[in-house]
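A quick write-up on the structure given underneath.
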Amino acid sequence: MDLSPSEVTSPFKNNEADQSKYLKTELITSVEPQLVESGTSKCLADNNRRFLKRRFSVMERKVLADRRYIERKKMEMERLKDEIRRYEEELSQLRTNQSLLALDLDKVECCFSQATSQWHDDQTEEVSKSSSIQKHQRIQDQQKISSNDGGVAISQNLTNNKERTPNARAAVNEPATEHQESAQSGSCSAEVAKIKLPKFLMELHTEVASNVDLSDFTGLEGEQRRFGRFSFPLSLIPTVERINSVYGDISATSLVSPSVSATVYVLFCAVIREMEHLRLEEVTEDILLKWRDVIKDALRLGFNVAFAMEHLKKVVCAYFGQPGCKLLHEIDSKISTLEAEVNDWKKKRAEIYEEFKMSIDAVENFIGVPVSTGLFPWSSSNRIMHG
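Its first residue numbered 1, the sequence shown is counted upward by one per residue in UniProt numbering.
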């Protein structure tokens, strides 16, 4: 009797191990009585039993394989869910970073504006205080010097010194108005440049359509000469040779046909040639953007020109660093001028002191005391009177 597993009903529907045992027992017990009743030999019964066991073993292996397949699919599904969840977190983090970057740029601009205002206020306050203190000190010095016999001569000497040095400031308390205006203007320019630098560096990586053509460069007309797979104007041959000697064939990595990429190659060499002929003070933002467009076109075509983009970043930093450098030079010049004036006044003070040393020392003896001090010898009566 051939029994299939589909014909056997099992009460153990939720337990696969119990179900397997039940099927095995059910098959064996259902066949043995029939074999005995029909008088089948024991050998035949054993053969049938072994056949049923083999068939059950095959079914058991199939169930086990199905279970393992389902488990693998579940694990794979969990792994895919984890990857999706991780990608969603990374995307959220990138969006957050982008928002923070925009917020940071706004904060930087605000901080620079506040710092500029605070710096100007501090400078104005310091100049005002310095002017007041020095004016008060000058009045006191003149009063002290005028209190002795040589006061008139000293005052006249100071007047003559001012007349002899018309280019010097009449007094240290007079602020250098022209230097302050220049320093403030330079400071504003430097702060604007510092704010624009990070924005401009980001624009170097912006994907925009390029409008640069051969007419934007000079010296590309006339006869051409072939170099490798491309033809170049004679004015670019030295530049092409220098590029090739240092970086090799930059077009070797490009899969674009030379007939298509030739113009971009010529424009790139024109950019390098223009860099070789321009000084930093001659560079403008429009020129920097023109260079960026050509270099990015070459990168899009697969040219090995990453070195040019890195160098362009350095040029951009130097371009926007010019106002700060100029401001530092102006401050250094102002410091040198003030130091020269201070040294000049120190020299004049020493000359005046040596000229009127006796009178000035005499003034020191009468500061804060009656002019009769020293008139009478110090005695007990004097001590009582002054006690």
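The C-beta atom is built at its ideal place from N, Cα and C for all residues, glycine as well.
Note that this is a predicted model, so its numbers are computed, not measured.
Exposure of residue i, with buried meaning 16 or more beta-carbon neighbours within 10 Å
i: Arg225; result: exposed
i: Asn97; result: exposed
i: Thr253; result: exposed
i: Ala65; result: exposed
i: Gln156; result: Residue confidence is low: Gln156 scores 48 on pLDDT, short of 50, so the model does not pin down where it sits. Its coordinate-derived value is still stated next. Gln156 should be labelled exposed.
i: Ala306; result: exposed
i: Arg273; result: buried
i: Glu354; result: exposed
i: Asn47; result: exposed
i: Ser372; result: exposed
i: Phe303; result: buried
i: Glu78; result: exposed
i: Leu52; result: buried
i: Ser261; result: buried
i: Arg164; result: Note that Arg164 has pLDDT 43, beneath the 50 cutoff, so the model's placement of it is unreliable and the number below is only indicative. That one is exposed.
Separation of residue j from residue i, as counted between CA atoms
i: Lys74; j: Lys313; result: 51 angstroms
i: Leu158; j: Glu339; result: For Leu158, the predicted structure reports a pLDDT of 42, less than 50, and the residue's modelled location is therefore unreliable. The matter cannot be settled from this model.
i: Thr263; j: Glu330; result: 45 angstroms
i: Ser210; j: Ala298; result: 11 angstroms
i: Arg67; j: Asp82; result: 23 angstroms
i: Glu282; j: Met275; result: 10 angstroms
i: Val369; j: Leu375; result: 12 angstroms
i: residue 388; j: Lys196; result: Residue 388 falls outside the range modelled here, since the chain spans only 1 to 387, and no answer is possible.
i: Glu90; j: Ile84; result: 10 angstroms
i: Arg242; j: Leu301; result: 21 angstroms
i: Phe217; j: Thr206; result: 23 angstroms
i: Val208; j: Ser235; result: 29 angstroms
i: Tyr69; j: Leu94; result: 37 angstroms
i: Leu35; j: Met59; result: Any reading at Leu35 must be qualified, since the residue scores a pLDDT of 49, below 50, and its modelled position is unreliable; the value itself is stated next. If you take the alpha carbons of Leu35 and Met59, they lie about 24 angstroms apart.
i: residue 393; j: Ser189; result: The structure shown does not extend to residue 393, since the chain spans only 1 to 387, so no value can be given for it.
i: Ser359; j: Asn365; result: 10 angstroms
i: Val192; j: Glu285; result: 14 angstroms
i: residue 430; j: Glu76; result: Outside the modelled stretch of the chain, which goes from 1 to 387, sits residue 430, for which no answer is possible.
i: Tyr87; j: Arg72; result: 23 angstroms
i: Tyr247; j: Val256; result: 19 angstroms
i: Ser336; j: Asp344; result: 12 angstroms
i: Ser245; j: Leu204; result: 27 angstroms
i: residue 444; j: His311; result: The structure shown does not extend to residue 444, since the chain is modelled only from 1 through 387, so no value can be given for it.
i: Gly222; j: His277; result: 20 angstroms
i: residue 422; j: Lys42; result: Absent from the model: residue 422. The displayed extent of the chain is 1 to 387, so no value can be given.
i: Ser92; j: Leu80; result: 18 angstroms
Contacts around residue i, its chain only, beta-carbon distance under 7 angstroms, and the 5 residues preceding and following it disregarded
i: Phe232; result: Gln224, Arg225, Val240, Val266, Cys269
i: Tyr319; result: Leu280, Val283, Leu288
i: Pro258; result: Arg229, Phe230
i: Ile367; result: none
i: Leu201; result: Lys313, Val316
Proximal residues to residue i (C-beta, below 8 angstroms), its chain only, five neighbours per side dropped
i: Leu214; result: Leu220, Thr263, Val266, Leu267, Ala270
i: Ile237; result: Arg225, Phe227
i: Val212; result: Leu267, Lys290, Asp293, Val294, Asp297
i: Pro377; result: none
Own chain, CB closer than 6 angstroms to residue i, minus 5 neighbours either side, in chain order
i: Met309; result: Ile295
i: Asp332; result: none
i: Arg55; result: none
Any chain C beta carbon closer than 7 angstroms to residue i
i: Arg226; result: Absent from the structure is chain C; it holds one protein chain and no more.
Closer than 6 angstroms: residue i CB and nearest the ligand COA heavy atom
i: Leu278; result: Annotation note on the ligand COA: not contained in the displayed structure, which lists no ligands.
Counting Cβ pairs, one atom from each stretch, are 3 or more of them under 8 angstroms apart for the region 287-294 and the region 260-272? With the cut-off at 8 angstroms, the region 287-294 and the region 260-272 touch.
Taking 8 angstroms as the threshold, find out whether the region 314-327 comes into contact with the region 339-349 through three or more Cβ pairs. No, the region 314-327 is not in contact with the region 339-349.
For the region 274-292 and the region 244-253, state whether three or more C-beta atom pairs, one from each stretch, are separated by less than 8 angstroms. Output reads no: the region 244-253 does not touch the region 274-292.
Runs of beta strand (DSSP E) lying entirely within the region 42-89, each at least 3 residues, in chain order: Fully enclosed beta strand (DSSP E) runs of 3 or longer: not present.
For a minimum of 4 consecutive residues, which ranges assigned as the alpha helix (DSSP H) are wholly contained in the region 251-325? Within the region 251-325, the complete alpha helix (DSSP H) runs of at least 4 residues are 258-277, 285-300.
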